[in-house]
Each structure stands twice: as structure tokens, then as C-alpha cells.
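Working notes, structure below.
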Amino acid sequence: MKSDTQYDAIVIGGGHNGLINAAYLAKAGLKTIVLEQRPLVGGAAITEELIPGYKFTTFSYALSLLRPDIVQDLDLAAHGLMVLPMTNTFQPGFNGEYMLLGPNKDANFHEISRFSTEDAESYRDLSHLINRVCHALMPLVDSIPPNSISQDPADLAEMVQLNEYIDGLPSDIREMIQKFINCSAAEILDEYLESDLLKAQIASSGIIGTKAGPRSKESGLIWLFHKLGEYDGEQGEWGFHKNGNGGFTQVLARAVESFGGTIRTDCGAERVIYANGKSSGVLLQDGTELNAPVVVSALDPRRTFMQLVNPNDLPDDLVKHIRDFKFQGSASKVNFALSALPNFPGLDGRTDIFTGFTNVGPSIDFLEEAFADCQAGRFSRKPFIDCCIQSTVDPDMAPPGKHVMSCFVMYTPYHLADSDWDSERENLGDAVQACLEEFFPGFNKLVEHREIVTPLDIERVVGLSEGNIFAGEMFTPQMFLNRPAPGWNQYRTPIDGYYQCGSGTHPGGGVMGGAGKLAARKILNDFESITSL
Amino acid sequence: MPQTTPFHNCLKPYLETGIWKHWSGYLVAPRYQYSSTAEYYAIRNSVSLLDTSPLFKYRITGSKSLSFLQSVMVRDIAQCQPGEAQYTCWCDQNGFVLQDGVILRISEDEFWITSAEPSLRYFRSTAKKLSISDVKIDDMTRDFGILAVQGPHAFNVLSQLTDDAGDLNYFDLIQTKIDGCPVTISRTGFTGDLGYEVWIRSDHAEQVWHCLVDAGKGYNIIPIGLEALKMARVEAGLLLLDVDFHSSRFAWVDEKRETPVELGWSWMLRNLTHDPREFIGRAAIEKQISEKSNRWRTVGLSVDWHDYERVHLETGIMAPKHDLYCESTKSIYRRSDKEWDYAGYASSFMFSPILKKPIAIAKLPNDLAKPGTEVDIEISVIRKPHNVLATVQRMPFFDPARKTQRPEGGIT
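Written out as C-alpha cells, the structure is:
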């Protein structure tokens, strides 16, 4: 019988990746504990009842990219997984225009035809091509990427294999992948579409959570990443989890415990204990020590390499990469309790328009202007807002007849040029309300309560450096072979037994759990050799 | 010309798809919205309204109504007190199932029964054949509309309209009023979730409909079509006539007929040794039980997700998960050295939105019917058959506690 301080694996950070990682380790028979500094698990995927009856998805607000094998491997349905489809996407435009896309492709054809008949057709071509690209890339998302700088024959062979796989893809898919990597969302969309409203709706996927405008070249990859999100076989489809994303991480917590894992909340980790290049446990903030041959950091790369261990003990090239790793959070949340649903003139009384994303960002120029403010070091005076009124799908999110509305707001740079977030917080809330009032007249009167979550708040509360929701920007130099650093993209660290499993590792951000799963695969593969050292 | 149900005018405005289907000659919607999965989730997440009025409805009264039903039904209706309901089936002399249905015991000598196929003449002639005189069987099919109010918030909706809903345990019923209209509410349904069925006199149908919709607004109530219902009923392990079994009455050969044991309804026969009734088919059923001569069993099958995904990925396509509900049979094979060793078939197959994997209702020989047994199910991928691993599982696949629990706020 092992004591209360002796484990096989300690996972630092109870976000979704930490929990998924711990669940896999516990399922494999490792005595596993998850340490969470906050009173509740979930990290950035939590639901909080800030006022009685109103449940706020404080940070992350929708589910996508969740790998279907994780659902089966961890038996998540038995623990209450319930992903509710978000059926519609509503895009209000200027002068009362709007586009409402839903689950039926023929209905979408006619809706887009109101703007451009060619776009309506082109939209199908583009969707099909993107689906094929996603399908081609899925094996890479679902596997541990090769080590690109190692000279080990096995690693070299993996690189050869990777290149052969890419070379073997159909040429139109390879070409499209190159475009996603090298072009902006706006550039690619210009090749296919003419309607600005539709372009803006799609391009918004290319800027979410990222310091990039739709005309910045980084937006292509971000767009692709969001399309990769597979939900129920429909590529790029999203869903609400019952009771918000906190409902989802509660499911994960139950799974961890069902496999015999332990979760300890209000339990911050001070640092990893290691000597002679080998980890042996974790020193807690309360001064006690837990011992385990495996320690996993689910925190972001900066915390994993610069805070939990002493960077002086790490190779210089890794430390340089992590120091240069871009976080630069640029998104905020403004969450509302509403007395009734907003009204869109012309679609008066329609509630179905809100059963998915409501995308306030009516043109590419609008999004670019919002980004220009960000570049100037201030929050967008006219922000892009991605709204979800989850209570229209899940009645348990708000009292009967009332609603909660989650607004994802861009751009709100972590570093403000002439001010600070504690001074600007309410101003941001006012700017968001003013923008919503413009598209949904009467909105202000519906607001019963609002919660403003700035990048600084995200950093303070969740621990994500500079409030970056993906645990680090998803730019090409920080993805795949390079996430979080070349040679250290396989979940290991230079310290034997110390691993990383957060969104700052491959495949990246979003509530997908891929990093937690793949890290567990690596750890379980290594476990015998770690413990025999 | 197809008939319309008493709720037709209320339902029409919701029909976003514009598609009606026929059910027993009545117009019903397969789905109101474009996404039947979204409608399905009203059953599991909020609350749904389903018009089941096309069901045949009969009233059985008279001093001998109890003994008539005892002679016809496989389960002993005497176990059912006034104010309770019972799910049962009835068989022919050979023990082959004719139909299933729900019987509401309204009072000592009054029973209401629903059935999928017309049965008025069958019941009347059977009463005559059995020389049971004081029993009266009336067709009330057109006199009532039935609305199934199903979903976790079903009680929250009904409790706004009547105080009596809180008294209802699973399979209880009560006669009460909604907005002054007499209604009969039973805690029953075909979804495997918390739910009620409300019998409403046809001339009050629209009035009560509006009450339910108003009471349900805060809970995102929506009407749902048959596709959503059918998805829920497979998860609930509930068999559908003409899909998972066929009435013996119109079958051509015994191969198309099935006994309660073969349908997985042995639980209906649990008390047979202490039950002295002579009901139609009893001798044949008992013989089959004692000789273990049932030809197959009806079981649940849970398809292995990894294997299901693999056969699709290997062919270069995504494993489909939407709109997979399928009522045509899929073959099942024994996992052995022999290739394509046919063992049975799936009568219903679907992708379960909540379990995130395909599930099926299947007919398998006794030696393969034990939970945990592995078989292969044939899935067609780009026109070619592939075998996918599936495991026999006890039904229901999904069985939330709220289905039978006393709802929060109900009277204890």
C-alpha cells in the first residue's frame, strides 16, 4: 500500500487536458493525482453560477475539436457527457441585413443566394475541399508529431514518413494546406466568394483568440484549426455541453475518479522536485511534498518551463524558444444575464436565430478596423463579438424565461499602450453593450447583470500567461513540430519523468483534449523505463 | 386524402421542413426542424411534445373487462390497480406476438388501451370466442388526441397546469383538468426518459396544446417528429412493430413471427409460475420456455467506436454519425475462423447522439445472446461490406434515473 504522498503520476493543473491526461493514466492503473489550485477543476472550461439560477461559462463557452476516441476510451457518456448541437449561425450585417445558416445545405444555398448565387455554390466547393483537408490532416492531429531536430535514426525515419504522407496527398489538398499555412483567411476567401457578409462570417474563425486580423497571414492557419474541430462527424461543427463547459469538465472529473484517480482542489503546485535531470515529485504551495516518478504539467509552456522548474537547469535553445513563445492574449469575455432574448429587427420574436453562434462582425473591414485598434495598443472601439445564448439550447443555464449570453470579444490586447485593464474593464463592457445595442436595438434594457473577463483576469484566475486562451498563439512557428519548441514537441521535457500535456503542446488549443490524450500515450509508453531508472 | 390529428392546426406553423409523412393514414411530421438530432435533444435535455394521436385507442368496460384482458394479455392486468398503467403484449394460440401496447386502468371496470394496428374486431371477436359476455369494447381513436410530453423538464411543464402531476409515479395515471378541460395523464412514454402522455378530448385538443406550449416556453419546449422519437426509443431499448417485430396476424411464415421470449420480453413472464391465468398462447409460451426452444433472442448491440471508425478511415472517408437511424436489417456474423459465418441480424441500427457510438437492436441465437459476447456486424462502406466489432449489451442503452424517479418538487 502506497502512502498518501506517494503516487505513480502527479498532474499539475485540472483543466480539461490535465483531467483527460490523468484519466488515461489512472485507467492504465497508475496511481494518479490531479492538483488544481482553484476550488474547482476545469481550468478555463468552467461554469459558475454568479447569480442564483444564472450559469455563466466564465471563459471557454463552446465545445469543439473534442476527439471522439476520448469519449469512448474514457467512457464519458456514462459520466454524463451531453454535447448539444448548435444548429444555427446568425450573422447580422449592416442596414438590417443578415445571414442565417443552419444544418440544411439546401436551405443554406438559398440563404447565401440572397447575396450571391455563385457564392452559394462556391460555399459548397470550399466546404468540401476544407473537409477533405481536415480529413487528410486528422491522422496528424491524432498522433504524436515527430521530433524534427533529432538525429536519432528512429526520429529521422518518422520525419521521412511524415514527408511521404504529405507528399502522398492529392495535389489540390497539398496546395490548400500550403495556402492555409501561408495566406490570410481573407486572401483565400477572396478566391471563392464575393459576399462580404459571408466572408466576414467565415473569416471570424481565422481570428478567434489570436492577435491577427482577417488579412494577417496567420489567420489562414487559425481558420483551418477551427475547421478541424470535428463534432459528430461534421467537420468544424461545435456544440454546447449541458451546463456549459464546466459541465464537461465535471464529466471528466467523474471519469478520473471512476478510474481510481484522485483530484485535489485548492492545491497549488509550487515547483517540480527534481535532481540529476530526473523528477521525483511536486512541492505544494503549502510546503508539503508529493512523490511520484511521473510529473505532468498541464500548464502553459511558460509556466511549465520557467516557473515549475528552474530554467537555468534547461538547455539554452529550449529556454530561448519558451522566452520568445508568443502569448499576447487579445480576447476577453463579457457575459450577460438577460431578462429576455434580444430582438433583431426584421426577424422580430425569432428565438431560433440564437441557437448557435451569433457573429457580430459584419465585414472584413469591420474586423480589420477592430484589429487596427489592437495594433495600436487599445481595445477595439467597435469589437468583434462572438455571442452564444446557451440558455436557448440548455434551459438549465438560466431561470425559465431568462437567458445567459456569453460574448467572446476581440480585440482586447493584454498589453494596453496607455492604460491598464483594471481601469478599462467597465469601459470594455460599455463598448460591447454599445455594439450589441446597434445590432439588437433595446439590448441595453435586457441586461440584468454583466461580468467582464479581461486577458488580465484570465491570467490571474486561470493562470494562462497573458490571458492567451490557447496557452500560446497558434502561429506556424509555434505549431506541430514547434509546439512548444522544436525537439520538445513530444510531451517530454529535458527532465526525465517530467512531462507536459497542456494546450501549449500539440495539437493545441480548444477544448479538444488531444494534448492530454497523446501525452498520456507517451507517458505510458515510457513508464516502465522511467520507473526502472 | 390523409386524415389529420386534433393537433394538426397547432403543429402546422412549426413545420419548418414542410414535410409530412403518413402514420396510420394521418399526417405526422418526421421532423419539424431541419435537424432531427436537435429535436432528439429536446427529449434528453429540455422537453418535447409529440403528437401520438394516430394510435388506435380502445375503451374496454363491463363487469368482465378485467377477466377479458386477463384472458388476452400476456401480463396479468390484475396486478395493475385503478390509477396505474401497464405495458404488455398479446399473442396468438401459438405464442406468437400479435401486438404490444399500454393499458390504462381507469377504474375497477374500465380500461383504455392503445395499439399500433386496428384491433377492435380482434378484441370483440375474441371476447365472443371466449364466451365473455359482459365486456364492451369501443373505438375511441377519433375521440382523443394524445400528446407525449417527454424530457427532463416534462414535470416542470405539467406541474404549472395541474397539481396532480406530482403524484404520478412511473406508470401511474390520473384523470384531472387542464384549463378546465378533462385530461388523463399517465407517466408513460416511448422515449426512456422522464415523461407523460396526456389524453385530451379532440374538441379540447387545441386549447390544451396552447397551455402546454405556454407552460413550456421557459424550458425550450418544442414539438418533435417521429425521427427524434425513434432515436430515443432505440436508446430506451423499446421495440417497434413492423421494424423490430411483425404482427403474427399478417405474417406469411413462422420465420417472421416471434414469441415474447424471442423478443426479449421474458420479464413479462417472470411471475408465470404463480399466475394461474389461461391467456391466449400461454401453453405454447410455457412449452417454449421449458424446452428452451426459442429460436433467437432480441438483444442490444453496442458497436465498437474504434473499429467503426477504422473501417471508414481505411476507405478514405469520415465515419458517418448523422442521420444513421436505419430500419433495414444488417447482418451479424459469428466471430470465428469461418468467414461470414451468419448468426443473425440487427432490426434497428442508429448512431446514439448521447452515447456517441452506433447501437443496434439485434436477433441472435441463444449462445450469442449473453451480455459481453462479441459479434461482427456488417456495415456497408462505399458499397462494400465490412465487419465491425460489436458487443451484446443489456437494454436499455440509456436509462436515466429521472425516468422512474419522483421529480423534484413532486409530492412525496
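Chains as they are written, first to last, in my numbering: chain A, 1 to 533; chain B, 1 to 412. Idealized CB from N, CA, C, for every residue including glycine.
C-beta contact flag for A:Glu-368 and A:Gly-213 at 9 Å
As a position in the first sequence, residue 368 of chain A is number 368, starting the count at 1. As a position in the first sequence, residue 213 of chain A is number 213, starting the count at 1. Taking 9 Å as the cut-off, the Cβ atoms of A:Glu-368 and A:Gly-213 count as close.
Beta-carbon of A:Lys-402 versus every beta-carbon of chain B: anything under 9 Å?
In the first sequence, residue 402 of chain A corresponds to position 402, counting from 1. Under the 9 Å criterion on CB atoms, A:Lys-402 is classed as interfacial with respect to chain B.
Do you know how far the Cα of B:Arg-295 is from the Cα of B:Ala-154?
The count along the second sequence starts at 1 and reaches residue 154 of chain B at position 154. The count along the second sequence starts at 1 and reaches residue 295 of chain B at position 295. Rounded to whole angstroms, B:Ala-154 to B:Arg-295 spans 40 Å at the Cα level.
Cβ closer than 9 Å: which chain A residues qualify as neighbours of B:Gly-62?
For the purposes of this step, residue 62 of chain B is taken as residue 62 along the second sequence, with counting starting at 1. Under the 9 Å cutoff, chain A gives no residues; its nearest Cβ is about 45 Å from B:Gly-62.
Residues in its own chain within less than 7 Å of B:Leu-120 by CB, not counting five upstream and five downstream?
Here residue 120 of chain B is taken as the residue at index 120 of the second sequence, counted from 1. These residues qualify, in order along the chain: Tyr-58, Ile-137, Asp-139.
Per DSSP, the bridge partner or partners of B:Val-97
Translated into the one-based positions of the second sequence, residue 97 of chain B becomes position 97. Beta bridge pairing from DSSP links B:Val-97 with B:Cys-91.
Is B:Thr-298 closer than 9 Å to B:Ala-362 when the C-beta atoms are compared?
Along the second sequence, read from residue 1 onward, the residue named residue 362 of chain B stands at position 362. Along the second sequence, read from residue 1 onward, the residue named residue 298 of chain B stands at position 298. By the CB criterion at 9 Å, B:Ala-362 and B:Thr-298 fall inside the cutoff.
On the DSSP bridge assignment, give the partners of A:Tyr-54 in chain order.
Against the first sequence, residue 54 of chain A aligns to sequence position 54. Bridge pairing for A:Tyr-54: A:Ile-51 [DSSP].
Alpha-carbon to alpha-carbon, A:Ile-188 and A:Val-432:
As a working note, residue 432 of chain A is residue 432 in the first sequence. As a working note, residue 188 of chain A is residue 188 in the first sequence. The alpha-carbon atoms of A:Val-432 and A:Ile-188 are separated by roughly 29 Å.
Taking a contact to mean a Cβ-Cβ separation below 9 Å, would you say A:Gly-244 touches A:Ile-12 in this structure?
Indexing the first sequence from 1 puts residue 244 of chain A at position 244. Indexing the first sequence from 1 puts residue 12 of chain A at position 12. Inclusion of A:Gly-244 and A:Ile-12 in the CB contact set at 9 Å is not warranted, their separation being larger than that value.
Using DSSP bridges, identify the partner residues of A:Gln-6.
If you number the first sequence from 1, residue 6 of chain A lands on position 6. Looking at the DSSP output, A:Gln-6 sits in a beta bridge with A:Asn-291.
If we count the other Cβ atoms within 10 Å of its Cβ and call it buried at 16 or more, is B:Met-395 buried or exposed?
Translated into positions along the second sequence, residue 395 of chain B becomes position 395. When all chains shown are included, B:Met-395 counts as buried.
Apply the 10 Å Cβ neighbour rule to A:Met-82 and answer buried if 16 or more other Cβ atoms are within range, or exposed otherwise.
Position 82 of the first sequence holds residue 82 of chain A. When all chains shown are included, A:Met-82 counts as buried.
Could you name the residues of chain A that B:Tyr-87 contacts, counting a contact when the two beta carbons are closer than 9 Å?
Taking the second sequence and counting its residues from 1, the one referred to as residue 87 of chain B is at position 87. Contact of B:Tyr-87 with chain A by beta-carbon distance below 9 Å is absent, the smallest such distance being about 26 Å.
Reduced DSSP secondary structure (H/G/I, E/B, other) of A:Asn-17:
Here residue 17 of chain A corresponds to residue number 17 of the first sequence, with the count starting at 1. Looking at A:Asn-17 - three-state DSSP - the assignment turns out to be helix.
For B:Trp-23, which option in B:Phe-56, B:Ser-36, B:Gly-189 has the closest C-alpha, if you only look at C-alpha atoms?
For this step, residue 23 of chain B is matched to residue 23 along the second sequence. Closest option to B:Trp-23, Cα to Cα, is B:Phe-56.
Using C-beta distances below 7 Å, list every residue in its chain close to A:Glu-466, excluding the 5 sequence neighbours before and after it, in chain order.
As a working mapping, residue 466 of chain A is identified with position 466 in the first sequence. If we look at A:Glu-466 and ignore the five residues flanking it on each side, its Cβ neighbours are Phe-327, Gln-328, Gly-329, Tyr-414, Pro-455, Glu-459.
Bridge partners - B:Lys-177, DSSP secondary structure assignment
Residue mapping note: residue 177 of chain B aligns to position 177 of the second sequence, counting from 1. B:Pro-182.
When we look at the beta-carbon of B:Asp-134 and count the other beta-carbons within 10 Å, is it buried (16 or more) or exposed?
Looking up residue 134 of chain B in the second sequence gives position 134. Counting Cβ neighbours within 10 Å, B:Asp-134 comes out exposed, since fewer than 16 surround it.
Taking 9 Å as the CB-CB cut-off, is A:Gly-514 touching chain B?
Taking the first residue of the first sequence as position 1, residue 514 of chain A is located at position 514. By this cut-off, A:Gly-514 is not an interface position.
Using only CA atoms, which one of A:Gly-463, A:Glu-257, A:Asp-313, A:Asp-420 lies nearest to A:Ile-495?
The residue labelled residue 495 of chain A in the question sits at position 495 within the first sequence. Nearest of A:Gly-463, A:Glu-257, A:Asp-313, A:Asp-420 to A:Ile-495, Cα basis: A:Asp-313.
Minimum Cβ-Cβ distance from A:Val-393 to chain B less than 9 Å:
To locate residue 393 of chain A, count along the first sequence from 1; it is residue 393. Taking Cβ atoms only, chain B reaches closer than 9 Å to A:Val-393, which makes this a yes.
Identify the continuous alpha helix (DSSP H) that holds A:Glu-369 and give its terminal residues.
Here residue 369 of chain A is taken as the residue at index 369 of the first sequence, counted from 1. Following the DSSP letters along the chain, one finds A:Glu-369 inside the alpha helix (DSSP H) bounded by residues 364 to 375.
Looking at A:Ser-204: is its Cβ nearer than 9 Å to the Cβ of A:Phe-115?
Numbered from 1 along the first sequence, position 204 holds the residue referred to as residue 204 of chain A. Numbered from 1 along the first sequence, position 115 holds the residue referred to as residue 115 of chain A. No. Outside cutoff.
B:Ile-411 versus A:Gly-346 - alpha carbon distance:
The count along the second sequence starts at 1 and reaches residue 411 of chain B at position 411. The count along the first sequence starts at 1 and reaches residue 346 of chain A at position 346. With a pLDDT of only 44 at B:Ile-411, under 50, the local geometry of the prediction cannot be trusted, and the value read off the model is given with reservation. C-alpha of B:Ile-411 to C-alpha of A:Gly-346: approximately 45 Å in a straight line.
For B:Glu-197, the residue or residues it bridges with in DSSP:
Mapped onto the second sequence, residue 197 of chain B falls at position 197. For B:Glu-197, the pairing in a beta bridge is given by DSSP as B:Ala-148, B:Ser-186.
According to DSSP, is A:Asn-245 helix, strand or coil?
Locating residue 245 of chain A in the first sequence gives position 245, where the first residue counts as 1. Three-state result, A:Asn-245: helix.
A:Thr-392 by DSSP, collapsed to three states: which one?
Residue 392 of chain A sits at position 392 when you count from the first residue of the first sequence. DSSP, read as helix, strand or coil, puts A:Thr-392 in helix.
Going by the CB atoms, is the gap between A:Tyr-61 and A:Ser-503 shorter than 9 Å?
Locating residue 503 of chain A in the first sequence gives position 503, where the first residue counts as 1. Locating residue 61 of chain A in the first sequence gives position 61, where the first residue counts as 1. The beta carbons of A:Ser-503 and A:Tyr-61 sit no closer together than 9 Å.
Cut-off 8 Å between Cβ atoms - residues of its own chain near B:Gly-476, not counting five sequence neighbours on either side:
Missing from the structure shown is residue 476 of chain B; chain B here goes from 1 to 412 and no further.
Members of the segment 105 to 128 of chain A that neighbour chain B once the beta carbon cut-off is set at 8 Å:
Here the close residues are Ala-107.
Using the Cβ count rule (16 or more neighbours within 10 Å means buried), how would you classify A:Ala-298?
The count along the first sequence starts at 1 and reaches residue 298 of chain A at position 298. Label assigned to A:Ala-298: buried.
Anyone know if the C-beta pair for A:Asp-8 and A:Ala-292 falls short of 9 Å?
Translated into the one-based positions of the first sequence, residue 8 of chain A becomes position 8. Translated into the one-based positions of the first sequence, residue 292 of chain A becomes position 292. Yes.
Please classify B:Gly-316: is it buried, with 16 or more other beta-carbons within 10 angstroms of its beta-carbon, or exposed?
Residue 316 of chain B sits at position 316 when you count from the first residue of the second sequence. Counting of Cβ neighbours within 10 angstroms places B:Gly-316 among the exposed residues, the total staying below 16.
Host beta strand (DSSP E) of B:Leu-27 (start-end):
Position 27 of the second sequence, counting from 1, holds the residue named residue 27 of chain B. For B:Leu-27, the enclosing beta strand (DSSP E) begins and ends at 26 to 28.
Nearest-angstrom Cβ-Cβ length linking A:Gly-80 and A:Val-251, presumed shorter than 8 Å
Along the first sequence, one-based indexing puts residue 80 of chain A at 80. Along the first sequence, one-based indexing puts residue 251 of chain A at 251. At roughly 5 Å, the Cβ-Cβ gap stays under 8 Å, so A:Gly-80 and A:Val-251 are in contact.
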